[in-house]
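K.L.:
In the numbering used here, the protein residues as written are -8 to 278. I'd like to ask you about the structure that follows.
What follows is the structure in structure tokens.
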């Protein structure tokens, strides 16, 4: 399951198996995990702050442009009409933000975390999982379950306590991590390229859901009377976005192993633009 709660940095309940098993010289998990090291840094290099990409500047006219999308989202929540959901999300992209490119620019912290995840996937493809973990100062997690490894990455890429933009990225990655067990994924070292791609696509899908809820559904999801009803609304949104996007971004992974860090960031931008194109196109002509 993807989006399962409002985006406020709520606890996930996921506990890594290495929580009480810290390797010598490594930071304790309770202290935020291993320090972030930029790609290409030699082992033992001083840690650096993880890169953060600011969200697009607020637009004073945005509220008016989003009003129709908000109205349709509210009607979807009240009546369960899936057509209202499709129209709402398409209106959000086309009218609310103005274009898929503008919608992608609103992803802010999700673009920063997404770029780092793509760089990790590239490094695994280039040099193998152990070398990729060494670049992140997470070599002590070699052979550990994939969920443990990604949780450690999460604590350095997107620590708790940030803005709503950062909370969206953090929750999206937590949801993607929770899906690893459902998919029967074992250790990080043995993940295939297809499994890494699936994990990344789950992250992208979950961040889009989180951005939509934050921008046009924040108050509407308070309307259902029970938690189960809220879960059902968010599950419908997840199924719609996932149905539009999953499995349709493969071309953007071609040649990833040969790309520089800057080219990976550019690829990430294209992925979000393509994802919003797909989400918007599924509703056909809307006004």
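For glycine and all other residues, C-beta sits at the position ideal for the given N, C-alpha and C.
Spatial neighbours of residue 94 within its chain, please: CB distance less than 6 Å, with the 5 preceding and 5 following residues excluded, ordered by chain position.
P.N.:
Closer than 6 Å at Cβ, skipping near neighbours: 84, 88, 267.
K.L.:
Pairing CB atoms from the stretch 189 to 197 with CB atoms from the stretch 100 to 113, are three or more of them under 8 Å?
P.N.:
Touching, per the Cβ criterion.
K.L.:
Going by DSSP in three states, residue 217 sits in which element: helix, strand or coil?
P.N.:
Residue 217 falls in the coil class under three-state DSSP.
K.L.:
Where does residue 147 sit, in a helix, a strand or coil, going by DSSP?
P.N.:
Three-state result, residue 147: helix.
K.L.:
Report the rounded CA-to-CA distance for residue 264 versus residue 98, giving the unit in angstroms.
P.N.:
Cα-Cα distance, rounded: 10 Å.
K.L.:
Straight-line CA distance for residue 77 to residue 258?
P.N.:
Distance between the alpha carbons of residue 77 and residue 258 is about 26 Å.
K.L.:
Quick check: what's the CA-CA separation for residue 241 versus residue 69?
P.N.:
Roughly 36 Å between the two C-alpha positions.
K.L.:
How long is the line joining the alpha carbons of residue 328 and residue 195, rounded to whole angstroms?
P.N.:
Coverage of the chain is limited to positions -8 through 278, which leaves residue 328 absent and any answer about it impossible.
K.L.:
Assign residue 183 to one of three DSSP states: helix, strand, or coil.
P.N.:
Correct three-state label for residue 183: coil.
K.L.:
Can you tell me whether residue 229 is buried or exposed, with buried defined as 16 or more other CB within 10 angstroms of its CB?
P.N.:
Its Cβ being crowded by 16 or more others within 10 Å, residue 229 is buried.
K.L.:
Let me confirm a value: residue 272 is counted as buried when at least 16 other C-beta atoms fall within 10 Å, else exposed. Which label applies?
P.N.:
It is exposed - the Cβ of residue 272 has fewer than 16 other Cβ atoms within 10 Å.
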